[in-house]
Amino acid sequence: MTPTFRNVHNRFKLNNYHYTYEGLMEVAYSFTKEGEPYQRELGVFLLDWLDKEDYVEVQTSGSTGKPKKIKIKKQAMVNSAIATGDFFDLTPGKKVLNCLPSNFIAGKMMIVRAIILGLELDMVKPSVQPRIDLRKDYDFCAFTPMQLKNFAKYLKHLKTAIVGGGRVSEPIKALIQDKKTNVYETFGMTETVSHIAVRKLNNFSGSASEKYFETLPGVTVSKDDRDCLVIEAPSLTNEKVVTNDIVEIVSDTSFDWLGRFDNVINSGGVKLFPEKIEEKLQSKINGEFFVTALPDDELGDKLVLLVEGEKDSLDTTIFNVLDKYEIPKTIFYLPKFAETLSGKIHRKKTLELLKIKE
Numbered sequence: 022m023t024p025t026f027r028n029v030h031n032r033f034k035l036n037n038y039h040y041t042y043e044g045l046m047e048v049a050y051s052f053t054k055e056g057e058p059y060q061r062e063l064g065v066f067l068l069d070w071l072d073k074e075d076y077v078e079v080q081t082s083g084s085t086g087k088p089k090k091i092k093i094k095k096q097a098m099v100n101s102a103i104a105t106g107d108f109f110d111l112t113p114g115k116k117v118l119n120c121l122p123s124n125f126i127a128g129k130m131m132i133v134r135a136i137i138l139g140l141e142l143d144m145v146k147p148s149v150q151p152r153i154d155l156r157k158d159y160d161f162c163a164f165t166p167m168q169l170k171n172f173a174k175y176l177k178h179l180k181t182a183i184v185g186g187g188r189v190s191e192p193i194k195a196l197i198q199d200k201k202t203n204v205y206e207t208f209g210m211t212e213t214v215s216h217i218a219v220r221k222l223n224n225f226s227g228s229a230s231e232k233y234f235e236t237l238p239g240v241t242v243s244k245d246d247r248d249c250l251v252i253e254a255p256s257l258t259n260e261k262v263v264t265n266d267i268v269e270i271v272s273d274t275s276f277d278w279l280g281r282f283d284n285v286i287n288s289g290g291v292k293l294f295p296e297k298i299e300e301k302l303q304s305k306i307n308g309e310f311f312v313t314a315l316p317d318d319e320l321g322d323k324l325v326l327l328v329e330g331e332k333d334s335l336d337t338t339i340f341n342v343l344d345k346y347e348i349p350k351t352i353f354y355l356p357k358f359a360e361t362l363s364g365k366i367h368r369k370k371t372l373e374l375l376k377i378k379e
């Protein structure tokens with residue numbers, strides 16, 4: 022019998038304490054009134070989860086359009102938790118760590134998994150460098166790429182880790198290759214109730230399938246006429262989710278991610294994927310950089326590389342790792358890139374800085 026969102030598993034623990042439905046409601050109120058900011062966010066979500074409505078409102082990241090608030094069925098979140106639990110063998114009593122904020126889907130789902138699957142959940146303050154009790158070990162945790170980078174030396178305290186919310190760079194991947202902890206990259210979005218597919222990043226068995234994303238139970242994939250991923254997950258959403266992610270479909274449950282449709286560059290009739298080129302260059306360039314396109318009379322669009330740093334600081338032999346058509350036609354240097362409020366590179370505004378400089 023499938024649990025519903027009105028169930029609180031009798032093995033569920035939060036920060037070492039068992040809670041019933043009523044007890045969890047009380048502690049949620051307490052968090053909202055007296056807790057630290059991250060605990061108040063937890064309290065607000067718990068009150069939303071425990072109320073009489075059958076949905077919660079969640080802010081999207083903008084993966085399938087402009088950021089917006091959408092309603093997600095609580096039962097869909099329960100079904101997602103069960104699928105993750107089945108995939109990673111998260112059985113009652115296992116210990117999980119949550120270092121993500123509770124106001125976005127990834128952090129919310131860590132809480133839901135614990136409540137529904139009967140896990141023992143420890144909440145710590147969200148930070149780029151999570152601080153945990155090093156006397157304890159955990160079965161499961163979710164990170165952002167920056168958190169994984171900063172936590173790498175403590176991975177021995179984890180059996181399994183998932184990482185999402187951004188690209189995992191080659192240097193970060195290198196940090197985890199000698200770790201016994203199994204680390205998986207996730208693929209998903211708010212509209213699909215967190216991740217719908219995962220790919221191993223270390224401890225490979227040698228299987229060719231490990232290089233691809235594998236979907237969770239009950240999820241199938243295809244692509245549209247743009248070669249963009251289409252997701253079918255009946256237990257999570259009634260509608261197909263059409264993304265802007267260009268993929269190669271390996272099977273109806275596995276795929277290779279190539280890049281974003283919005284970013285694809287058509288240079289002289291050749292399709293180029295900036296994300297794949299940047300991945301190849303990640304270990305070759307110290308500091309911030311990105312590739313993009315500028316109008317060109319002959320090619321239509323020409324591939325260019327923008328580097329944050331001093332002029333002519335790159336040795337062009339680094340391009341030996343690229344295919345012929347992936348080599349940038351021009352390199353531009355800027356002393357400082359424009360950034361978003363969250364500290365990520367703002368590509369459009371950085372390009373505007375380039376025009377001002379010229």
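In this note's numbering, the protein residues as written are 22 to 379.
Idealized CB from N, CA, C, for every residue including glycine.
query: Every unbroken alpha helix (DSSP H) inside the segment 31-100 [4 residues or more]; result: 42-55 and 58-71
query: Opposing strand residues paired with Y159 [DSSP bridges]; result: L179
query: Test item: CB-CB of R247 and Y233 under 8 Å; result: no
query: Whole-angstrom distance between N100 and P58, CA atom to CA atom; result: 29 Å
query: Neighbourhood of K332 by C-beta, 6 Å cutoff - its chain only, sequence neighbours within 5 removed; result: Y354
query: Residue closest to T112, alpha-carbon to alpha-carbon, out of N224, T41, G64 and L138; result: L138
query: Inter-residue spacing [alpha-carbon to alpha-carbon] between A102 and D154; result: 25 Å
query: Under 8 Å between C-beta atoms of I197 and A173; result: yes
query: Alpha carbon of Y175 to alpha carbon of P192, nearest angstrom; result: 17 Å
query: Outcome for P356 when other beta-carbon atoms lying within 10 angstroms are tallied against a minimum of 16; result: exposed
query: Length at least 3, wholly inside the segment 122-169: the beta strand (DSSP E) runs in chain order; result: 141-144 and 159-164
query: DSSP beta-bridge partners of L293; result: I286
query: Sequence-distant residues of the same chain with beta carbon closer than 6 Å to I126, five excluded per side; result: V79, T211 and S215
query: Run of the alpha helix (DSSP H) containing K116, from where it starts to where it stops; result: Here K116 belongs to no alpha helix (DSSP H); instead the beta strand (DSSP E) covers K116 to N119.
query: L196 - containing alpha helix (DSSP H), residue span; result: E191 to L196
query: C-alpha distance - R343 paired with G56, whole-angstrom precision; result: First, the amino acid is wrong: residue 343 is Leu here, not Arg. C-alpha separation (whole angstroms): 51 Å.
query: Rounded straight-line distance, which links the Cα of Y38 to that of R152; result: 20 Å
query: Pairwise C-alpha distance: E43 and S230; result: 45 Å
query: Distance CB(L140)-CB(F52) smaller than 8 Å; result: no
query: Contacting residues, own chain, Cβ-Cβ under 6 Å from S243 (five flanking each side not counted); result: V251
query: Rounded Cβ spacing between T264 and C249 (contact assumed at less than 8 Å); result: 6 Å
query: Supposed close pair L222, V204 - CB separation, criterion 8 Å; result: 5 Å
query: Secondary structure of D333, DSSP reduced to three states; result: coil
query: Paired residues, beta bridge with P113 - DSSP; result: Answer is none; P113 lacks a bridge partner.
query: Cα-Cα separation between H367 and T41, rounded to whole angstroms; result: 45 Å
query: Per-residue burial, R27 [other beta carbons within 10 Å of its own, 16 or more giving buried]; result: exposed
query: Residue of R61, G209 and H178 minimising C-alpha distance to R156; result: H178
query: Identity of the residues DSSP links to A314 by a beta bridge; result: L324
query: Supposed close pair V29, L45 - CB separation, criterion 8 Å; result: 6 Å
query: Limits of the beta strand (DSSP E) - the one that G209 falls within; result: N203 to M210
query: For V342, the three-state DSSP class (helix, strand or coil); result: helix
query: Whole-number beta carbon distance between F108 and P238, since they are thought to touch under 8 Å; result: 7 Å
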